[in-house]
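Take a look at the structure set out below.
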Amino acid sequence: MIDQGGTTQPLRSLEDAIDRCQTLGMRVSRQRRYILELLWKVQEHLSAREIYDRLNLEGKEIGHTSVYQNLEALSSQGIIECLERCDGRLYGNISHSHSHVNCLDTEQILDIQIELPPEIIQQIEAQTGVKVTDYRIDFYGYKQPN
Numbered sequence: 151m152i153d154q155g156g157t158t159q160p161l162r163s164l165e166d167a168i169d170r171c172q173t174l175g176m177r178v179s180r181q182r183r184y185i186l187e188l189l190w191k192v193q194e195h196l197s198a199r200e201i202y203d204r205l206n207l208e209g210k211e212i213g214h215t216s217v218y219q220n221l222e223a224l225s226s227q228g229i230i231e232c233l234e235r236c237d238g239r240l241y242g243n244i245s246h247s248h249s250h251v252n253c254l255d256t257e258q259i260l261d262i263q264i265e266l267p268p269e270i271i272q273q274i275e276a277q278t279g280v281k282v283t284d285y286r287i288d289f290y291g292y293k294q295p296n
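Oh and the sequence shown: position 80 is 230 in our numbering, straight run, nothing missing.
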């Protein structure tokens, strides 16, 4: 991904996410750790309700309010991803710039790393007069038969 804006390093692991919390002065509470562990374990985009349900099924008791507050804190600090969808917010573990493939059959959102050829970036800049420093692309499609 193009990242000429001097942003912080991408989080590559659960430990990186916890370290970032600590660097930012955020307390890594038991509930916050549960949420981060779940998102890094499942590697999916989940709603707050799904996070709440999965954690409680695992015996990690956490309240609705705590889930929402921690998701807001983690996403506002760029530690986790928050996707705004028409049917609500989804949260994922990848916080750095990346693109998505949206499967219209399964409604699954897959994270992908894709880099556009420099010629396309230059064409966009020439057409708009805007210096591109970052981008994300959303692809949509159906599952291909095996």
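Heads up, the beta-carbon is just placed ideally off N, CA and C, and yes, glycines get one too.
Tell me whether the beta-carbon of residue i lies closer than 8 Å to the beta-carbon of residue j.
| i | j | result |
| --- | --- | --- |
| S249 | I264 | yes |
| I229 | L161 | yes |
| I185 | N220 | yes |
| N243 | Q294 | no |
| I287 | H195 | no |
| L224 | L205 | no |
| L164 | W190 | yes |
| D255 | Y292 | yes |
Please state whether DSSP places residue i in a helix, a strand or coil.
| i | result |
| --- | --- |
| V178 | coil |
| N252 | strand |
| R162 | coil |
| G155 | Because the pLDDT at G155 is just 45, under 50, the model does not fix this residue reliably, and the value given afterwards should be weighed accordingly. G155: coil per DSSP, three-state reduction. |
| Y292 | coil |
Label residue i either buried or exposed according to how many other C-beta atoms from any shown protein chain fall within 10 Å of its C-beta, with 16 as the threshold for buried.
| i | result |
| --- | --- |
| C171 | buried |
| Q159 | exposed |
| R182 | buried |
| A198 | buried |
| V217 | buried |
| H214 | exposed |
| Y202 | buried |
| Y290 | exposed |
| E269 | exposed |
| Y241 | buried |
| E231 | buried |
Report back the beta-carbon spacing between residue i and residue j to the nearest angstrom; my notes put them in contact at under 8 Å.
| i | j | result |
| --- | --- | --- |
| I271 | V282 | 5 Å |
What beta strand (DSSP E) runs, 3 residues minimum, are completely inside the region 227-288?
Qualifying beta strand (DSSP E) stretches, in chain order: 231-235, 238-242, 249-253, 259-262.
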